[in-house]
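These notes concern the structure reproduced below.
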Amino acid sequence: MSAADPIVETDEADMEDKAEDLPKQLLKDKHSKFFKHMLGLLPEAYQSHDSSRLTLLYFSLSSLDLIGALDEITDKQKKELIKWIYSLQVKPDHEHGYSRCGFFATDSLPESIDANYGHIAMTYVALCSLIILGDDLTGVDRESIVQGVRALQLDSGSYQCISFGTESDARFVYCAACISYFLNDWRGMDVEKATNFLLSIQSYEGGFAQNIGRESHGGSTYCALAALQLMGKLDAITEESRARLIYWCLNRQQSGFNGRPNKPVDTCYSFWLGASLTLLGAKDFINKECNFSFLMTTQDRYMGGFSKWPGYLPDPLHSYFGISGMYVISGEVEVHPALNISMRAYRHWQSQCTS
Amino acid sequence: MTFYADRPEWKDVTPIPLPYSENEPVVQIMYSERFKDVYGYMAAIMQKKEYSERALNLTTDAIECNAANYTVWHYRREILRHLQSDLQDEMKFTESVIDDQPKNYQVWHHRRCIIEMTGDPSQELDLTEYTLSSDAKNYHAWDHRQWVLSQYKIWDKELEYIDDLLSKDLRNNSAWNHRYFVIENSQGWSRETISKELEYAGAYIKKAPNNESSWNFARGIIKKNKMNYSDFPAFKELCVGMNESHIPSPFLLSTLADINIEEGNKTAASNIFEQLKDLDSIREKYWTFKQDQLQVGS
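The listed protein sequences correspond, in order, to chains Z and L.
Residues 23 to 377 (the numbering used here) are what the first sequence spells out, left to right.
Residues 1110 to 1407 (the numbering used here) are what the second sequence spells out, left to right.
Now the structure itself:
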């Protein structure tokens, strides 16, 4: 065996700070500032995120919720946020029926434009955000959302994200499952078809891919497992497949987790794999200390937030998944592993949003 | 670059300004003046459903400002259909966007739509090969390549391409996955093919015993096809031989544990799990569990 073939490949050489200098805890005050800032004005560099602007809101709110800082937002501001989210809901009309229904990502193009459609991932994060903010979902036009979801399922059982025709993969099956669950209405999904699709994307490696024949991936593995759990179909995975899946997921841990074999570890996979292993009842096999130490190397101790890799700038996605990944694994704060919101928000949904 | 607001040929269009509030901002992006200009006109053009050459050029600018705007891409396709545009230009345009943003979902989807319109996949293998030459694991490029291969049944050169990629990086898991994909969809997995492929993977395993990718491939082609290790004695011999040479590899040991369990040798499997607790200590709890499971099953 040569030096070029290490047993465990880590990125420790890339770390800029010495391990002993790093904070040994989640810097909640820094993260709170980071996300409260995000709720307001974002620099020009975020223009390329305009089409997923609502996800920025969700990442910020869910992070603040998990670190216990949601009360730092005033009630007045919460009302503004709720109002803005509802302003992105697409109403059914004569020409399109329900085909455009769901939520827009942003308000930069008006609803009056025919080519402007709701996006299933935005509908999912809109509902999450409303629930986190304590809304009771009475402003949601349930029928239009359910019919909008229904319009997105393909014959294969998979989902596209917009009904005018887009790519389709496990991400959008996941969104459809979450929306159906939140609205307690599964008319938007042929569950049997969706289950068969999800089972078909488990690759020879044991993990799940975005589509049939593609490479197993931590993100798609999460989407498939969480969707199956919400659909009540997790048992459809055979015992043998489940064993290989657990082994594949556990092998993603190097220090933190990577998303595919021989790829570098990356902050967000703490959540994707941590939550997947939780759903599989195999969370206890995770080496929590190693994962925690890795996350300490991507936590930005000056600005707050997390980066993808040590020494890089923090961004909203990795910041959120750094926090939720840490908590889903440690259990210090309860996270709903399938819906990807806090258990506090989940309990609010249970008591206030289920009609 | 001149703003649309200052161009005489756009005088007939009244832009729709973006809602923008610095007073009550909600994840409010501070759009540049150019972004506001372009999207103001983009909204107006989409509103009046103008499908023209100038509208097409406007979508180019709108995509340059934000290549993730799926609405603009969709509208661009509507324009292309209306104008019956030369799609060779569109191929070049998508290539430049891919070159600039190789992980953008919308441009890859657009590219697929264009191929469906032309029915000509002849440039796709070169395009994806080019993209993969700078990032050999780009999921989008692999997705596109695999879609093209299945759609147009062009399998003949793929194994050669994979050989080339693996000779450059034997840890390229995407290339291993592609090997599975190509064989599955072209010749299929006969017992003979599995044997041959185990030999192929075995050579790489010997070169780098701690390469998860080649191990996953070897074990995957047996298990996914519902076969047993005992069906492939040469592969078992390889594993046993490596173990006798004391090559430290958790993947080797866990494969040997599986082989032993399959053969009913629980004591041997338990000893291997004991070694794994030490050699693969990050997963110590898992190996302890696997060891305990042997007792439960007896």
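Built from N, CA and C at the ideal position, the CB exists for glycine as well.
Note that this is a predicted model, so its numbers are computed, not measured.
Q: Measure the alpha-carbon distance for His53/Z versus Met325/Z and round it to whole angstroms.
A: Within the first sequence, residue 53/Z is the residue found at index 31, counting from 1. Within the first sequence, residue 325/Z is the residue found at index 303, counting from 1. Those two C-alpha atoms are separated by around 8 Å.
Q | Contact list for Gln1255/L against chain Z, beta-carbon separation under 9 Å | A | Taking the first residue of the second sequence as 1, we reach residue 1255/L at position 146. Here the neighbours are Asn233, Gly235, Arg236.
Q: In the DSSP assignment, find the unbroken alpha helix (DSSP H) run with Pro1359/L in it and report its ends.
A: Numbered from 1 along the second sequence, position 250 holds the residue referred to as residue 1359/L. That run of the alpha helix (DSSP H) goes 1359–1371.
**Q.** Nonlocal neighbours in the same chain, by C-beta distance under 7 Å from Ala1177/L, ignoring five residues either side
**A.** Counting from 1 along the second sequence, the entry for residue 1177/L is found at position 68. The residues are Asn1213, Gln1215.
Q. When the Cα of Tyr1129/L is compared with those of Glu1118/L, Trp1119/L, Phe1202/L, Lys1145/L, which residue comes out closest?
A. On the second sequence, position 20 is the one that residue 1129/L refers to. Minimum Cα distance to Tyr1129/L is reached at Lys1145/L.
**Q.** Selected residue, minimal CA-CA separation from Lys255/Z, among Glu94/Z, Glu356/Z, Asp157/Z, Ala199/Z
**A.** Residue mapping note: residue 255/Z aligns to position 233 of the first sequence, counting from 1. Of Glu94/Z, Glu356/Z, Asp157/Z, Ala199/Z, the residue nearest in Cα terms is Ala199/Z.
Q | For Ser180/Z, the nearest candidate out of Asp191/Z, Gly187/Z, Arg172/Z, Val171/Z (CA to CA) | A | Start at 1 with the first residue of the first sequence, and residue 180/Z comes out as number 158. Ranking Asp191/Z, Gly187/Z, Arg172/Z, Val171/Z by Cα distance to Ser180/Z puts Asp191/Z first.
Q. Between Ala1250/L and Trp1217/L, is the Cβ-Cβ spacing less than 9 Å?
A. One-based indexing of the second sequence puts residue 1250/L at position 141. One-based indexing of the second sequence puts residue 1217/L at position 108. Yes, the pair counts as a contact, with Cβ atoms nearer than the cut-off.
Q) Expressed to the nearest angstrom, what Euclidean distance is found between the alpha-carbon atoms of Ser263/Z and Trp294/Z? A) Mapped onto the first sequence, residue 263/Z falls at position 241. Mapped onto the first sequence, residue 294/Z falls at position 272. Whole-angstrom Cα-Cα distance: 19 Å.
Q. Could you check where the alpha helix (DSSP H) with Arg1254/L kicks off and where it finishes?
A. Here the question's residue 1254/L lines up with position 145 in the second sequence. Where Arg1254/L is concerned, the enclosing alpha helix (DSSP H) stretches over 1248–1261.
Q) With DSSP run on the structure shown, which of helix, strand or coil describes Gly327/Z? A) Along the first sequence, one-based indexing puts residue 327/Z at 305. Here Gly327/Z sits in coil by DSSP.
Q: May I ask you to list, following chain order, the residues of the region 1112–1135 of chain L that have a beta carbon less than 8 Å from some beta carbon of chain Z?
A: Ile1125, Leu1127, Pro1128, Glu1131, Glu1133, Pro1134, Val1135
Q.
I need the DSSP call for Val112/Z, collapsed to helix, strand or coil.
A. Reading the first sequence from its first residue, position 90 is the one you call residue 112/Z. DSSP places Val112/Z in strand when its eight states are reduced to three.
Q. Which of helix, strand or coil does DSSP assign to Gly119/Z?
A. Stepping through the first sequence from its first residue, residue 119/Z is reached at position 97. In this structure, Gly119/Z counts as strand in the three-state DSSP scheme.
(Q) Check for me: the alpha helix (DSSP H) holding Asn1325/L runs from which residue to which? (A) Reading the second sequence from its first residue, position 216 is the one you call residue 1325/L. That run of the alpha helix (DSSP H) goes 1321–1332.
Q) With a cut-off of 9 Å, does the C-beta of Ala25/Z fall near any C-beta of chain L? A) Translated into positions along the first sequence, residue 25/Z becomes position 3. Reliability fails at Ala25/Z, whose pLDDT of 40 lies under 50, so the model's placement of it is uncertain and the value that follows must be treated cautiously. No - not a single Cβ of chain L is within 9 Å of the one on Ala25/Z.
Q: Alpha carbon to alpha carbon, how far is Tyr269/Z from Tyr244/Z? Give it in angstroms, no decimals.
A: Along the first sequence, read from residue 1 onward, the residue named residue 244/Z stands at position 222. Along the first sequence, read from residue 1 onward, the residue named residue 269/Z stands at position 247. The alpha-carbon atoms of Tyr244/Z and Tyr269/Z are separated by roughly 15 Å.
Q.
Pop quiz: Phe1326/L and Tyr1289/L are said to be a contact at Cβ under 8 Å. What is the actual Cβ separation, rounded to whole angstroms?
A. On the second sequence, position 217 is the one that residue 1326/L refers to. On the second sequence, position 180 is the one that residue 1289/L refers to. About 7 Å; that satisfies the 8 Å criterion.
Q | CA-to-CA distance, Ile1188/L to Ile1368/L, given in whole angstroms | A | Here the question's residue 1368/L lines up with position 259 in the second sequence. Here the question's residue 1188/L lines up with position 79 in the second sequence. C-alpha separation (whole angstroms): 60 Å.
Q: Thinking Tyr1140/L and Gln69/Z are a contact (beta carbons under 8 Å), I'd like their distance in whole angstroms, please.
A: Indexing the second sequence from 1 puts residue 1140/L at position 31. Indexing the first sequence from 1 puts residue 69/Z at position 47. Going by Cβ atoms, the distance from Tyr1140/L to Gln69/Z rounds to 6 Å, so yes, they are a contact pair.
Q | Collapsed DSSP secondary structure at Gly124/Z in the structure displayed | A | Along the first sequence, read from residue 1 onward, the residue named residue 124/Z stands at position 102. Gly124/Z: strand per DSSP, three-state reduction.
**Q.** Neighbourhood of Ala35/Z by C-beta distance below 6 Å, restricted to the same chain and skipping five residues each side
**A.** By one-based count along the first sequence, residue 35/Z stands at place 13. Residue placement at Ala35/Z is poorly supported in this model, since its pLDDT is 46, which falls under 50; the coordinates are not used for a value here.
Q: Examine chain L for any beta-carbon lying closer than 9 Å to the beta-carbon of Tyr269/Z, and answer yes or no.
A: In the first sequence, the residue the question calls residue 269/Z occupies position 247. Yes, Tyr269/Z counts as interfacial toward chain L.
Q: Tell me whether Ile89/Z sits in a helix, a strand or coil according to DSSP, three-state version.
A: What you label residue 89/Z is simply residue 67 of the first sequence in a count that begins at 1. Coil, per DSSP.
Q | Meets three-Cβ-pair contact criterion under 8 Å: the region 311–322 of chain Z and the region 368–376 of chain Z | A | no
Q | Alpha-carbon to alpha-carbon, Gly1350/L and Asp337/Z | A | Counted from its first residue, the first sequence places residue 337/Z at position 315. Counted from its first residue, the second sequence places residue 1350/L at position 241. Whole-angstrom Cα-Cα distance: 48 Å.
Q | Cys1174/L: contacting residues in chain Z (beta-carbon distance under 9 Å) | A | Residue 1174/L sits at position 65 when you count from the first residue of the second sequence. Within chain Z, the residues near Cys1174/L are Gln69, Ser70, Asp72.
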